[in-house]
Structure formats: structure tokens, C-alpha cells
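First residue of the sequence shown: 6, per our numbering; consecutive thereafter. Each residue gets a CB set at the ideal place from its N, CA and C atoms; glycine is no exception. One structure is given here, and the rest of the page talks about it.
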Amino acid sequence: MFARILVPLEHSPADETILAHVRGLAKRLGSALVLVHVADGWVARNIKELDLRESEEMREDRAYLEDVSARLAAEGLDVDAVLAAAEKK
6 MFARILVPLE HSPADETILA HVRGLAKRLG SALVLVHVAD GWVARNIKEL DLRESEEMRE
66 DRAYLEDVSA RLAAEGLDVD AVLAAAEKK
């Protein structure tokens with residue numbers, strides 16, 4: 006029914022609520038999960054324009070996504086993760 010389910014994460018405790026729902030759904034439907042978090046700090050918004058390196062915040066966000074992905078993969082789920090940088094407003 007659904008080959009992939011996009012899961013937006015905030016890097017906050019609220020994420021566990023959505024993960025509880027999509028975990029069961031993905032298992033029932035055999036769907037892969039695509040986790041996405043948008044880094045929105047100053048560096049993230051200017052990383053391409055100013056050719057900046059990742060900030061500590063972005064490294065923490067990446068580590069968070071990797072940790073969540075590993076936990077879900079350990080449960081037998083197919084998981085991909087994307088850390089996106091916010092665009093300037």
C-alpha cells in the first residue's frame with residue numbers, strides 16, 4: 006500500500022509519539038521509513054552560500070537521526086534518514 010512513509014522529526018521528545026505510530030504502521034504494511042529533520046540554525050541556513058562547515062547543532066542533529074535510524078533498523082525496519090538545511094527566509 007505505502008512503499009515509503011516520510012517521518013518528520015523535530016529532535017524533541019515529541020518525536021517518540023510519531024515514531025510509535027509509524028513503527029507499527031511500517032511493520033504492518035512492510036513500508037520503508039524515511040526520517041527527515043530540517044536543521045534551522047544560522048549555519049544551516051547559510052551553509053551553501055558561505056561555504057560553511059557543519060555546526061555543532063547540525064552534527065548533533067545528524068547523530069540524532071543516525072541513532073533513531075539504528076534503533077528502528079534493529080527492529081527490522083528499512084530506514085533512510087535525511088538531514089536538510091533550512092533555506093533563508
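- Per the C-alpha coordinates, the member of Val73, Gly81, Glu62 positioned closest to Val41 is Val73.
- Only exposed fits Met6, as fewer than 16 other CB atoms lie within 10 angstroms of its CB.
- Under DSSP, the beta-bridge partners assigned to Arg9 are Ala37.
- Closest by C-alpha distance to Ala31, out of Ala90, Leu82, Leu88, Val87, is Leu82.
- Non-local C-beta neighbours of Glu15 in its own chain, meaning closer than 8 Å and more than five positions away in sequence, comprise His42, ordered along the chain.
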